[in-house]
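Position 181, counted from 1, in the sequence shown is what the working numbering calls 175; the numbers after and before it change by one each time, with no gaps. Report on the structure given below.
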Amino acid sequence: MKGLVLSGGKGTRLRPITYTSAKQLVPVGNKPVLFRVLEAIRDAGIRDIGIVIGDTGEEIRTAVGNGRRWGVQITYIEQDAPLGLAHAVKISQDFIGDDRFVMFLGDNCIQGGISPLIQQFGHSDFNAQVVLKQVADPRSFGVAELDENGRIDRLIEKPRDPQSDLALVGVYMFDHHIFEAVHSITPSLRGELEITDAIQWLITSGYQVFPYIHDGWWIDTGKKDDMLEANRLVLEEMQPVVHGYVDRDSNLIGKVIVEAGAEIINSTIRGPAIIGEQTRILNAYVGPFTSIYHHCLIEDSEVEHSIVLEHSTIRGMPARIEDSLIGRNVTVTRSPLKPKAYRLLIGDNSTVGVL
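Right, here's the structure in full:
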């Protein structure tokens, strides 16, 4: 069995972060989401993985490499334009061949991995299996309706009046018949080959398409608030450990991970929280559900329920920073210059709140 990870797309909902970086490489719990996807596939026993890449392909290649660190073999599949999930399957046919495969969206976090799904599909004669999750408001998702035999009967994209609360979560199992489907469907009104149309083609053509209903949490990390929620959930599951230096004037409260080379000086860290490699926390407070990535400096400031990416500095802030996603190589500081004024360089589609 093979794995197919979709890591194209422009990540417009995470701008301005994704103007300069692939959305799949934004970390939760100090690990890029894409790395968590690769680990989930590897842990399910799959070693041959294709990654579909687009505009951010070079960054993905640099970060992932040949897959050796995970004990897998990576093949890169270039998608010229984001023409839909079914299009990504279509261009991956040479890589997949006649093998069964799991397709996993590279910006999704799912609790507990996919090993049970792989086992169930591997011991079945299903032609396809779709991971579903019960959600409170199905109107924002692709929704599956089941028949009396428990098979998927119909897929509806963002229904106004949903007849089911089972949403598609972005993990799919297929055999080779999916290639008949993706070559048979036509682009949707938005000009894309939709995976829901391809799965519906399988259903209508009499193939066996079954659900796999996921019990744990699942997060699509496409937006800032979703990224923070995924970070919260991941941090709650991590075990506390200190590999860095914590001085006697500092307090670690609750689940706190201090990675190698990090320094905590005269500061309080209230978990769950993680402090990355070579990061310094000086005269500061880091509150719950916060991930500070590697080579950062937090000094004379307070940060809570936030993600701070690598090589960033937060210094001398007069108020607590919270509910924030701060990008790479960012400096946030209080200017000593007078007259006092806000001097801002803000990316497109950003939100800034000041007191």
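The beta carbon of each residue, even a glycine, is placed where N, CA and C say it ideally should be.
Presumed contact (8 angstroms Cβ cut-off) between Glu316 and His305, rounded CB distance: Taking the first residue of the sequence shown as position 1, residue 316 is located at position 322. Taking the first residue of the sequence shown as position 1, residue 305 is located at position 311. No, Glu316 and His305 are not in contact; Cβ-Cβ is about 21 angstroms, not under 8 angstroms.
Close beta carbons around Arg328, own chain, < 7 angstroms, minus the five adjacent residues each side: To locate residue 328, count along the sequence shown from 1; it is residue 334. These residues qualify, in order along the chain: Gly310, Met311 and Pro312.
Residue range of the alpha helix (DSSP H) that includes Glu110: As a first step, residue 110 is located in the sequence shown; it is residue number 116 there, counting from the start. It is worth fixing the name first, because residue 110 is Pro in this sequence and not Glu. Note, Pro110: alpha helix (DSSP H), Ser109 to Gly116.
Sequence-distant residues of its chain with Cβ nearer than 6 angstroms to Ser261 (five each side left out): Along the sequence shown, read from residue 1 onward, the residue named residue 261 stands at position 267. Hits under 6 angstroms: Ser244, Ile275 and Ala278.
Three-state class that DSSP yields for Trp64 in the structure shown: In the sequence shown, counting from the first residue as 1, residue 64 sits at position 70. Note: Trp64 maps to helix in three-state DSSP.
CB contact flag (Glu151, Gly164, <7 angstroms): Looking up residue 151 in the sequence shown gives position 157. Looking up residue 164 in the sequence shown gives position 170. Cβ atoms of Glu151 and Gly164: not closer than 7 angstroms.
7 angstroms Cβ cutoff met for Phe204 and Gln105: Your numbering for residue 204 matches position 210 in the sequence shown. Your numbering for residue 105 matches position 111 in the sequence shown. In this structure, Gln105 does not lie closer than 7 angstroms to Phe204 by Cβ.
7 angstroms Cβ cutoff met for Ser318 and Ile308: As a working mapping, residue 318 is identified with position 324 in the sequence shown. As a working mapping, residue 308 is identified with position 314 in the sequence shown. For Ser318 and Ile308, no; Cβs fall outside 7 angstroms.
In DSSP terms, what Glu139 is bridged to: Translated into the one-based positions of the sequence shown, residue 139 becomes position 145. According to DSSP, which records beta bridges pairwise, Glu139 is partnered with Arg148.
First and last residue of the uninterrupted alpha helix (DSSP H) at Gly51: In the sequence shown, counting from the first residue as 1, residue 51 sits at position 57. Here the alpha helix (DSSP H) through Gly51 covers Gly51 to Val58.
DSSP-derived helix/strand/coil call for Ala75: Residue mapping note: residue 75 aligns to position 81 of the sequence shown, counting from 1. In the structure shown, Ala75 sits in coil (DSSP, three-state: anything other than H, G, I, E or B).
Buried or exposed (CB count within 10 angstroms, at least 16 for buried), His208: Looking up residue 208 in the sequence shown gives position 214. So His208 counts as buried.
Which of helix, strand or coil DSSP assigns to Trp212: Your numbering for residue 212 matches position 218 in the sequence shown. In the structure shown, Trp212 sits in a strand (DSSP, three-state: E or B).
contact_flag[the segment 106 to 122, the segment 152 to 163] where n(CB pairs < 8 angstroms) is 3 or more: no
Rounded C-alpha distance that separates Val83 from Ile45: For the purposes of this step, residue 83 is identified with residue 89 of the sequence shown, where counting begins at 1. For the purposes of this step, residue 45 is identified with residue 51 of the sequence shown, where counting begins at 1. Approximately 11 angstroms, taken between the alpha carbons.
Anticipated Cβ contact below 8 angstroms, Pro76 with Gly100, distance rounded: For the purposes of this step, residue 76 is taken as residue 82 along the sequence shown, with counting starting at 1. For the purposes of this step, residue 100 is taken as residue 106 along the sequence shown, with counting starting at 1. Contact doesn't hold; Cβ gap of about 13 angstroms is too wide.
Alpha carbon of Ile340 to alpha carbon of Val324, nearest angstrom: Taking the first residue of the sequence shown as 1, we reach residue 340 at position 346. Taking the first residue of the sequence shown as 1, we reach residue 324 at position 330. With a pLDDT of only 46 at Ile340, under the threshold of 50, the placement of this residue in the model should not be trusted; the figure read from the coordinates follows. Looking at the two C-alpha atoms, the distance is approximately 11 angstroms.
Identity of the residue in Glu188, Ala175, Lys218 and Gly210 nearest Gly200 by Cα: Position 206 of the sequence shown, counting from 1, holds the residue named residue 200. Ranking Glu188, Ala175, Lys218 and Gly210 by Cα distance to Gly200 puts Ala175 first.
Nearest-angstrom beta carbon gap, Ile292 and Ile268 [assumed within contact, 8 angstroms]: If you number the sequence shown from 1, residue 268 lands on position 274. If you number the sequence shown from 1, residue 292 lands on position 298. No, Ile268 and Ile292 are not in contact; Cβ-Cβ is about 13 angstroms, not under 8 angstroms.
Three-state class that DSSP yields for Pro132 in the structure shown: In the sequence shown, counting from the first residue as 1, residue 132 sits at position 138. Pro132: helix per DSSP, three-state reduction.
Gly265 Cβ short of 6 angstroms to the ligand MG heavy atom set: In terms of ligand content, the structure shown is empty, and the ligand MG therefore cannot be addressed.
Residues near Leu187 in its chain [Cβ-Cβ closer than 7 angstroms; skip 5 each side]: Within the sequence shown, the letter at position 193 stands for residue 187. Leu77, Gly78, Ala80, His81, Lys84, Val176, Ile179 and Pro181, listed in sequence order.
Cβ shell of Gly61 (< 7 angstroms), same chain only, five flanking positions each side left out: Taking the sequence shown and counting its residues from 1, the one referred to as residue 61 is at position 67. These residues qualify, in order along the chain: Ile43, Gln67 and Ile68.
Contact under 7 angstroms by Cβ, Ile259 with Leu246: Taking the first residue of the sequence shown as position 1, residue 259 is located at position 265. Taking the first residue of the sequence shown as position 1, residue 246 is located at position 252. Not a contact, by the Cβ cut-off of 7 angstroms.
Top-ranked residue by Cα proximity to His237, from Leu227, Trp64 and Ala254: Position 243 of the sequence shown holds residue 237. For the residues Leu227, Trp64 and Ala254, the minimum Cα distance to His237 belongs to Ala254.
Simplified DSSP assignment, three categories, for Met221: As a working note, residue 221 is residue 227 in the sequence shown. Of the three classes helix, strand and coil, the one that applies to Met221 here is helix, per DSSP.
Own chain, CB closer than 6 angstroms to Thr50, minus 5 neighbours either side, in chain order: The residue you call residue 50 lines up with position 56 of the sequence shown. The residues are Ala16.
Continuous beta strand (DSSP E) stretch holding Ile31: start and end: Counting from 1 along the sequence shown, the entry for residue 31 is found at position 37. The sequence given here has Val at residue 31, not Ile. Element bounds for Val31: not the beta strand (DSSP E) but the alpha helix (DSSP H), Val27 to Asp37.
Which of helix, strand or coil DSSP assigns to Leu303: Numbered from 1 along the sequence shown, position 309 holds the residue referred to as residue 303. It is coil, neither helix nor strand.
Segment contact flag, the segment 105 to 117 with the segment 85 to 97, C-beta cutoff 8 angstroms, min 3 pairs: yes
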